[in-house]
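Number 313 in the UniProt record's numbering belongs to position 313 of the sequence shown; there are no gaps in the numbering.
Yeah, the Cβ is synthetic: ideal placement off N, Cα and C, and Gly gets one too.
Everything on this sheet refers to the single structure shown next.
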Amino acid sequence: WHWRSVRFPNEYTDILSFAVVKRCTEKSTDKEYAAKFIKKRMSRASRRGVRREEIEREVDILLQIQHPNVVALHDVYENRTEVVLILELVSGGELFDFLAQKETLSEEEASQFIKQVLDGVKYLHSKRIAHFDLKPENIMLLDRTVPLPRIKLIDFGLAHVIEAGVDFKNIFGTPEFVAPEIVNYEPLGLEADMWSIGVITYILLSGASPFLGDTNQETLGNISAMNYNFDEEFFNNTSELAKSFIRRLLEKDTRKRMTIQEALNHSWIKPVNHRQALVKRLSVVNLENLRRQYVRRRWKLSFRIVALCNHLTRIMKKSQKAPEQDGSFLTSNCQSTLNSSKILQFSSNNYPKFP
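Spelled out as structure tokens, the structure:
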């Protein structure tokens with residue numbers, strides 16, 4: 001595999017921008033893709049951008065994977081300052097957004113979506129790949145207009161291949177979803193993904209988040225102390241099967257935590273008799289609270305994006321590398337990206353294709 005040096009705009013036309021992911025069309029086929037722009041770290045002393053070895057790791061992992069429930073890599077480009085990953089376009093939006101708009105949702109339907117997540121993770125784990133950033137924002141739908149939309153796992157920026165006999169430790173991920181072994185800086189493995197699936201399932205069924213505190217510090221403390229419960233206010237219509245599935249994933253001891261195959265064989269995912277199947281069909285998801293939770297999550301994300309844009313604007317003004325109007329444009333442009341339906345026009349002449 002060689003990163004191509006042909007200029008990116010020679011073969012693709014940008015038509016939509018959202019943060020660092022841009023929707024584009026391949027000129028030769030008129031097929032749409034998602035272009036993920038990754039800013040490279042320009043020097044060892046700099047803290048801005050992503051180190052080249054980290055970008056190469058993400059690309060190497062994406063090149064290894066091809067599965068119906070995992071986003072596919074189509075092409076890679078590079079210029080002096082950025083790397084562009086041309087990815088399969090996943091245009092159905094986030095799973096939680098789709099579910100929050102439903103009038104009713106049974107556990108049977110919810111478990112079908114979790115089953116797809118498990119299928120994608122099983123494929124990754126079969127290749128010893130840990131995602132390390134499983135969360136609602138990284139569970140997308142290929143097309144939401146079909147009866148049972150297909151799940152796509154996205155964003156492999158933190159993914160690692162777990163090598164046998166090699167201790168891998170890191171503190172990374174989204175605090176709300178990280179496993180205790182990450183919080184405690186212990187050796188990491190595929191088990192960390194299973195914990196994240198437990199948190200995701202808890203939120204999906206109840207609309208509440210099991211460990212989320214007012215600060216990251218409080219959240220991490222709750223995880224380390226295993227401070228969670230099934231509050232009757234949120235779980236009054238949740239089956240014991242579903243709670244059992246979550247409990248066996250939210251195990252602090254990685255040796256007791258369900259593996260991916262054990263999760264797929266759990267009776268909430270794979271009922272062993274008619275009674276269990278009926279319980280799933282009659283138990284319902286707390287959609288009202290899920291909607292409230294989803295709105296709060298989107299508001300917090302929007303706030304962080306605007307704050308980041310304003311921070312970048314101040315940096316630009318302070319460095320005097322851009323005139324006043326450029327800083328203002330950056331802020332308004334970043335704010336406009338919060339509306340994903342808004343079409344943005346921009347030039348991609350500075351993004352040649354990678355060697």
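- In this structure, GLU94 and ILE139 form a Cβ contact; the two beta carbons are roughly 7 Å apart against a cut-off of 8 Å.
- The alpha-carbon separation between LYS270 and LEU264 amounts to approximately 7 Å.
- For LYS122, the uninterrupted alpha helix (DSSP H) segment begins and ends at 107-126.
- Per DSSP, the unbroken alpha helix (DSSP H) holding ALA263 starts and ends at 260-265.
- Note that the C-beta distance between ALA192 and GLU107 is not below 7 Å.
- By the criterion of at least three beta-carbon pairs nearer than 8 Å, the stretch 223-241 is not in contact with the stretch 98-105.
- The three-state reading of DSSP puts ALA34 in strand, counting E and B together.
- Boundaries of the alpha helix (DSSP H) harbouring ILE200: 191-206, taken from the DSSP string.
- When C-alpha distances from MET194 are compared across ILE86, GLU240, ILE260, the shortest belongs to ILE260.
- Within the same chain, ARG41 come within 6 Å of ARG51 by CB-CB distance, once the 5 residues on both sides are set aside.
- Beta-bridge pairing by DSSP links ASP75 to ILE86.
- Assignment of LEU142 by DSSP, reduced to helix, strand and coil, places it in the coil class.
- Measuring C-alpha to C-alpha distances from ILE129 to each of LYS115, ASP143, PHE156 identifies PHE156 as the nearest.
- For HIS160, the CB contacts under 6 Å within the same chain, skipping 5 residues up- and downstream, are ALA130 in chain order.
- Beyond the five residues adjoining it in sequence on each side, ILE246 comes within less than 7 Å, by CB distance, of GLY198, THR201, TYR202 in the same chain, given in chain order.
- Pairing GLN293 with GLY221 gives a Cβ-Cβ distance that is not under 7 Å.
- Here GLU186 carries a coil assignment [DSSP, helix/strand/coil].
- One alpha carbon belongs to ASP214, the other to ASP30, and they sit about 46 Å apart.
- For VAL161, the pairing in a beta bridge is given by DSSP as ILE129.
- Rounded to whole angstroms, the separation of the alpha carbons of LEU89 and VAL70 is 11 Å.
- About 6 Å separates the CB atoms of TYR33 and LEU87; that is less than 8 Å, so the two are in contact.
- ILE154 carries a coil assignment under DSSP once its states are collapsed to helix, strand and coil.
- Rounded to the nearest whole angstrom, the C-alpha separation of VAL20 and ARG80 is 17 Å.
- A check of alpha carbon separations from GLU186 across TRP268, PHE172, PHE168 identifies PHE168 as the nearest.
- In this structure ILE61 is buried. Its beta-carbon is surrounded by 16 or more other beta-carbon atoms within 10 angstroms.
- Residue pairing for VAL50: DSSP places it in a beta bridge opposite LYS40.
- Contact between SER283 and THR238 holds: their C-beta atoms lie close to 6 Å from each other, under 8 Å.
- Taken through DSSP and simplified to helix, strand or coil, VAL279 comes out as helix.
- In the same chain as GLY189, and ignoring 5 residues on each side of it, the C-beta atoms closer than 6 Å to its own belong to ILE162, in chain order.
- With respect to PHE132, LEU158 sits close: the two C-beta atoms are nearer than 7 Å.
- Considering only LEU124, ILE55, GLU78, the residue with the shortest C-alpha distance to GLN66 is LEU124.
- Note on ILE171: under 16 other CB atoms within 10 angstroms of its CB, so exposed under the neighbour-count rule.
- One alpha carbon belongs to ARG44, the other to GLU53, and they sit about 12 Å apart.
- For GLU94, the three-state secondary structure derived from DSSP is strand.
- With a 10 Å radius around the Cβ and a threshold of 16 neighbouring Cβ atoms, GLY92 comes out buried.
- Between VAL183 and SER224, the C-beta gap is smaller than 7 Å, which places the two residues in contact.
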